[in-house]
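In our numbering, the protein residues as written are -13 to 137. Glycine is no exception: its CB is placed at the ideal position from the N, C-alpha and C atoms.
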């Protein structure tokens, strides 16, 4: 444990030979997929999609759009809270300096996908993350090592 470099090495708990972080990640992914399937099977997925395209039409049909918006903000808040709680498991050291790397993928996902397709948002995050890594690697190999600081 050293204060200068902010490198704190916590003891890693393992269960059945797998680290605690891996178990938590698998459980969160399973819960997210099951929640998505539950919303899709209940027919609420159509309401979430419709409110992003034309909320006035839903209000004319007698659907309470405020409850749908509240539910979507509740789900987004839960997922954001889980992501914030899992960040310390991912990074050793001071997690504040990694926020700029996470913001790029999140902003690209929001810009490309908007509110229309979660699959497109996931794909946008993967593409931007991949291109960021490839650009840094290729830039360092062809131009110079200093490129990694600016990309």
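Would you mind giving the Cβ-Cβ distance between residue i and residue j, rounded to the nearest angstrom? I have them listed as a contact below 8 Å.
| i | j | result |
| --- | --- | --- |
| residue 134 | residue 122 | 5 Å |
Practice prompt. Taking 8 Å as the threshold, find out whether the region 9 to 17 comes into contact with the region 34 to 48 through three or more Cβ pairs.
Written response: Using a Cβ-Cβ distance cut-off of 8 Å, the region 9 to 17 and the region 34 to 48 are not in contact, since fewer than three pairs of beta carbons, one from each stretch, lie closer than that value.
Worksheet item: Does the region 51 to 66 touch the region 23 to 39, meaning 3 or more C-beta pairs lie closer than 8 Å?
Response: These segments touch.
Worksheet item: Quick one: complete alpha helix (DSSP H) runs, 4+ long, within the region 38 to 75?
Response: Listed in chain order, they are 41 to 46.
Worksheet item: In chain order, which alpha helix (DSSP H) runs of at least 4 residues are fully inside the region -1 to 32?
Response: For the region -1 to 32, whole alpha helix (DSSP H) runs of length 4 or above, ordered along the chain, are 6 to 28.
Item to complete: Could you tell me which uninterrupted alpha helix (DSSP H) segments, each at least 4 residues in length, are contained entirely in the region 101 to 134, listed from first to last along the chain?
Response: Secondary structure within the region 101 to 134: the alpha helix (DSSP H) runs of 4 or more consecutive residues, fully enclosed, are 104 to 128 (chain order).
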